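Q: In the UniProt record's numbering, the protein residues as written are 1 to 458.
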Amino acid sequence: MVNRVSSHNRTLAIRFLPRKPSPYVLTLYIISLFAFSIFVFLFYTRSILEEDERKPLLFGELQSEQIPEEKLWDSPFGYGLHPCVKPTSKYKVAQGSEHYITVRSNGGLNQMRTGISDMVAVARIMNATLVIPQLDKRSFWQDSSTFSDIFDELHFIEALKGDIRVVKELPKKLETIPRARKHFTSWSGMGYYEERTQLWKEYQVVHVAKSDSRLANNDLPLDMQRLRCRALYHALRFSPPIESLGKKLVERLRARGGRYIALHLRYEKDMLSFTGCTYGLTDAESEELRIMRETTNHWKVKVINSTEQRIGGFCPLTPKEVGIFLRALGYPQSTLIYIAAGEIYGGNTHLSELTSSFPNIAFKETLATQEELEAFNNHATQNAALDYIISVESDVFVPSYSGNMARAVEGHRRYLGHRKTITPDRKGLVEVFDKLETGELKEGSALSFLVRQMHENR
1 MVNRVSSHNR
11 TLAIRFLPRK
21 PSPYVLTLYI
31 ISLFAFSIFV
41 FLFYTRSILE
51 EDERKPLLFG
61 ELQSEQIPEE
71 KLWDSPFGYG
81 LHPCVKPTSK
91 YKVAQGSEHY
101 ITVRSNGGLN
111 QMRTGISDMV
121 AVARIMNATL
131 VIPQLDKRSF
141 WQDSSTFSDI
151 FDELHFIEAL
161 KGDIRVVKEL
171 PKKLETIPRA
181 RKHFTSWSGM
191 GYYEERTQLW
201 KEYQVVHVAK
211 SDSRLANNDL
221 PLDMQRLRCR
231 ALYHALRFSP
241 PIESLGKKLV
251 ERLRARGGRY
261 IALHLRYEKD
271 MLSFTGCTYG
281 LTDAESEELR
291 IMRETTNHWK
301 VKVINSTEQR
311 IGGFCPLTPK
321 EVGIFLRALG
331 YPQSTLIYIA
341 AGEIYGGNTH
351 LSELTSSFPN
361 IAFKETLATQ
371 EELEAFNNHA
381 TQNAALDYII
391 SVESDVFVPS
401 YSGNMARAVE
411 GHRRYLGHRK
421 TITPDRKGLV
431 EVFDKLETGE
441 LKEGSALSFL
451 VRQMHENR
C-alpha cells in the first residue's frame, strides 16, 4: 500500500517538473516582450504629447495660433431671447394732461438718453405732459446742442403718443406761473412718484433739475419697464443728419474691411484725470492730470492712489494693453478697428502702442470728409452719437472701460439680438500684464490660453 502511494507521488512529481524551454520558444518570448514594450512606450508617449498640447505653456514663445473665424466674430447664442416691449393688455392709452413736467437733462450723451427715458416713465406715473427736455450745456463738454440737434424731435413726440403726451414747449400762459422745482430722489420706485402727484394740488408745472438715475432699475411694473425700453430704443432716435452720416460711415467701414471691431478707447484726458489713472504716463503727464482734477470743482475726490486704482480694476486699459488683449484673443494684425473716442491723451505717442500691433485703424476723421464733419465741430455730444451708431452696428464691441457709453452700447446690442461684446476683465488682466512686464510670462499660447479662459463667459 505504501509502495503504491509512493509510486503515485513520484509519477505526479515527474509529471509536473518544469520542462526546459527550447531556444525557439525563448527567442519568441523575448521578441514578444520587446514588441509589447515598444507598443506601451509609443502609446504613453502619444498620450503625454496630446496632454501637453492641451495644457498651457508656462513660458510660451510668441507664435501664431489659428482661432476659428466664428469664434472671433460670431454673436453669442441668444437662448431664444428677443425684444419684448409691446404694452400688456392692461396698459391704457394716454389721455393727455394739463399738468406739465419740464426737465433739464444732465451729463453726457448716454447719461442724458437713459435719464430722458426715465422721465418718460415718470411722466406716465404722474399723469403729466412732458415738455421736450432741455439738454445740459454747462457740463465738461460745453456743448450748445439742443434736443432737436441730437434727437429726432418729431419722431420722439409721435412714437410716445400712446404712452404720454409730449409737447415742444410750455403753453404761453404757463411760462410765467410759479412752478415746483424738484430734485427727485435717485433710484426711486413707482410709489415715490405716485406720492409726488400731490404736487398737482398746488402747481401746474413741476421742473426737474436733473434727469439721471431718477427711477429704480428693479421692482417696477412690467409695463413701466417696457415703456422705458420703448423710449430708449425706439423713441430716442438720433436726428436725421446724425443718422445719415452714421450709416454712411458704417457702410464705408464695411467696404474697407467687411468686419470690424468698435473699440471704445477711454483714454481721454478727462477720464484719466477723473479716475486718477497714470500707469504708463510720464511724471509731467501725471502732474497735468492731478492739476486738472484739483481744479475741476464738481469732481469730489481729489487725492487718488493710481496703483490701487489699477490693481482694483478701476482704470481703463491703455492702448498698449488693448493691443496685447486683442492679440491674446486671437485677432490678426489685419483686423479693422474703429476707435470710438475723443482725443486720445498723448496723441500718437500713446496710440502708436496700439497701432504698431493693429495698423488697420479708423476714426471718424479718416472715414468722413471735412465738409461732412463741419456741422459736428465743437459738438462733443453729436460726435458721441456718431460713435454710438458705429459701435452698435459693429461686429464686435470692445470697451476699454465700463462707463455710461459702454453700458449703453452693450445693452442696445443685446436688445438687437445679442451682438458680440467683449468686456475686458480689467482686474484680472492687470495680473497678467504685470507678469508680462516682469518676464514671468511671454506673449504666445500661455498668454492666449489665460486671457481666453478669463473671458470665456464675458
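Each residue gets a CB set at the ideal place from its N, CA and C atoms; glycine is no exception. Keep in mind that this is a model prediction, so the values were computed, not measured.
(1) Which partner residues of R181 appear in the DSSP bridge assignment?
(2) Does DSSP put F325 in a helix, a strand or coil?
(3) Ignore the nearest five residues each way along the sequence and tell me which others in S286's own chain have a CB closer than 8 Å to its CB.
(4) I need the straight-line Cα distance from D283 to G330, nearest angstrom please.
(5) Is H155 helix, strand or coil when you go by DSSP?
(6) Could you please give me the residues that DSSP links to L135 through a beta bridge?
(7) Beta carbon of V432, beta carbon of L441: below 8 Å?
(8) Hey, how far is the Cα of F184 from the Cα of R196?
(9) Among the candidates R327, S244 and A235, whose CA atom is the shortest distance from the CA of T114?
(10) The alpha helix (DSSP H) that contains F274, what's its start and end?
(11) Comparing alpha-carbon positions, which option in E194, P171, S144 and F358 lies nearest T102?
(12) Among A231, E393 and N106, which has the Cα closest to the Cα of G417?
(13) Could you name the residues that DSSP lists as bridge partners for A262?
(14) Is V120 near I164, with beta carbons less than 8 Å apart?
(15) Consult DSSP for A375 and reduce its assignment to one of helix, strand or coil.
(16) Which word fits R413, buried or exposed, when buried means at least 16 other C-beta atoms lie within 10 angstroms of its C-beta?
(17) DSSP three-state call for S239: helix, strand or coil?
(18) Quick check: the region 90-105 against the region 124-132, are there 3 or more CB pairs under 8 Å?
(19) With a 10 Å radius around its C-beta and 16 neighbouring C-beta atoms as the bar for buried, classify S105 as buried or exposed.
(20) Checking the sheet assignment: what are the DSSP bridge partners for I361?
(21) Going by alpha carbons, who is nearest to F325 out of M454, L174, S334 and G312?
(22) With a 10 Å radius around its C-beta and 16 neighbouring C-beta atoms as the bar for buried, classify L317 as buried or exposed.
(23) Taking all protein chains shown into account, do 16 or more other C-beta atoms lie within 10 angstroms of the C-beta of H264, making it buried, or fewer, making it exposed?
(24) Nearest by alpha-carbon distance to D395: which of S273, P68, Q66 and L72 is it?
(25) Which residues bound the alpha helix (DSSP H) around A348?
(26) Quick one: Cα of C229 to Cα of A380, how far?
(27) I'd like the span of the alpha helix (DSSP H) that includes G428, first residue to last.
(28) Does K364 pass the burial test, meaning 16 or more other C-beta atoms within 10 Å, or should it be called exposed?
(29) Would you say R293 and K300 are within 8 Å of each other, going by their C-beta atoms?
(30) Can you check whether the CB of R290 is closer than 8 Å to the CB of Y401?
(31) From the DSSP output, in three-state form, read off Y100 for me.
(32) Would you identify the three-state DSSP class for K86, choosing helix, strand or coil?
(33) Give the secondary structure of K201 by DSSP, where H, G and I count as helix, E and B as strand, and everything else as coil.
A: Once the coordinates are examined:
(1) Residue numbering aside, residue 181 sits at position 181 when the sequence shown is read from its first letter. Per DSSP, the beta-bridge partners of R181 are H207.
(2) By 1-based counting over the sequence shown, the position of residue 325 is 325. The three-state secondary structure of F325, taken from DSSP, is helix.
(3) Along the sequence shown, read from residue 1 onward, the residue named residue 286 stands at position 286. Cβ neighbours of S286 beyond the five flanking positions: T278 and S306.
(4) For the purposes of this step, residue 283 is taken as the residue at position 283 of the sequence shown. For the purposes of this step, residue 330 is taken as the residue at position 330 of the sequence shown. Computed Cα separation, rounded: 34 Å.
(5) For the purposes of this step, residue 155 is identified with residue 155 of the sequence shown, where counting begins at 1. Helix.
(6) In the sequence shown, the residue the question calls residue 135 occupies position 135. Paired residues: S105.
(7) Indexing the sequence shown from 1 puts residue 432 at position 432. Indexing the sequence shown from 1 puts residue 441 at position 441. Result yes, Cβ atoms of V432 and L441 sit closer than 8 Å.
(8) Along the sequence shown, read from residue 1 onward, the residue named residue 184 stands at position 184. Along the sequence shown, read from residue 1 onward, the residue named residue 196 stands at position 196. Whole-angstrom Cα-Cα distance: 9 Å.
(9) What you label residue 114 is simply residue 114 of the sequence shown in a count that begins at 1. Closest option to T114, Cα to Cα, is A235.
(10) As a working note, residue 274 is residue 274 in the sequence shown. It spans K269 to T275 - the alpha helix (DSSP H) in which F274 sits, taken as one unbroken run.
(11) Counting from 1 along the sequence shown, the entry for residue 102 is found at position 102. The residue with the shortest Cα to Cα distance from T102 is P171.
(12) Locating residue 417 in the sequence shown gives position 417, where the first residue counts as 1. Nearest option by C-alpha distance: E393.
(13) Against the sequence shown, residue 262 aligns to sequence position 262. Answer is Y338 and F397, bridged to A262.
(14) By one-based count along the sequence shown, residue 120 stands at place 120. By one-based count along the sequence shown, residue 164 stands at place 164. Taking 8 Å as the Cβ cut-off, V120 and I164 qualify as a contacting pair.
(15) Numbered from its first residue, the sequence shown carries residue 375 at position 375. Three-state result, A375: coil.
(16) Sequence index remark: in the sequence shown, residue 413 carries index 413 (1-based). Per the 10 Å Cβ criterion, buried.
(17) Your numbering for residue 239 matches position 239 in the sequence shown. S239: coil per DSSP, three-state reduction.
(18) yes
(19) The sequence position of residue 105 within the sequence shown is 105, counting from 1. With 16 or more neighbouring CB atoms inside 10 Å of its own CB, S105 falls in the buried class.
(20) Position 361 of the sequence shown holds residue 361. Beta-bridge pairing links I361 to I337.
(21) In the sequence shown, counting from the first residue as 1, residue 325 sits at position 325. Of the candidates M454, L174, S334 and G312, the one whose C-alpha sits nearest the C-alpha of F325 is M454.
(22) In the sequence shown, residue 317 corresponds to position 317, counting from 1. It is buried - the Cβ of L317 has at least 16 other Cβ atoms within 10 Å.
(23) Numbered from 1 along the sequence shown, position 264 holds the residue referred to as residue 264. Per the 10 Å Cβ criterion, buried.
(24) Within the sequence shown, numbered from 1, the residue matching residue 395 stands at position 395. Looking at the Cα atoms, L72 is the closest of the given residues.
(25) Locating residue 348 in the sequence shown gives position 348, counting from the first residue. It should be pointed out that residue 348 corresponds to Asn in this sequence rather than to Ala. Start and end: N348 to T355.
(26) The sequence position of residue 229 within the sequence shown is 229, counting from 1. The sequence position of residue 380 within the sequence shown is 380, counting from 1. If you take the alpha carbons of C229 and A380, they lie about 25 Å apart.
(27) Taking the sequence shown and counting its residues from 1, one reaches residue 428 at position 428. First-last of the alpha helix (DSSP H) with G428: R426 to T438.
(28) For the purposes of this step, residue 364 is taken as the residue at position 364 of the sequence shown. Result: buried.
(29) Numbered from 1 along the sequence shown, position 293 holds the residue referred to as residue 293. Numbered from 1 along the sequence shown, position 300 holds the residue referred to as residue 300. Cβ atoms of R293 and K300: not closer than 8 Å.
(30) The count along the sequence shown starts at 1 and reaches residue 401 at position 401. The count along the sequence shown starts at 1 and reaches residue 290 at position 290. No; because the gap between Cβ atoms is not below 8 Å, this pair is not in contact.
(31) Translated into the one-based positions of the sequence shown, residue 100 becomes position 100. Reduced to three states, the DSSP call for Y100 is strand.
(32) Translated into positions along the sequence shown, residue 86 becomes position 86. In the structure shown, K86 sits in coil (DSSP, three-state: anything other than H, G, I, E or B).
(33) Taking the first residue of the sequence shown as position 1, residue 201 is located at position 201. K201 falls in the helix class under three-state DSSP.
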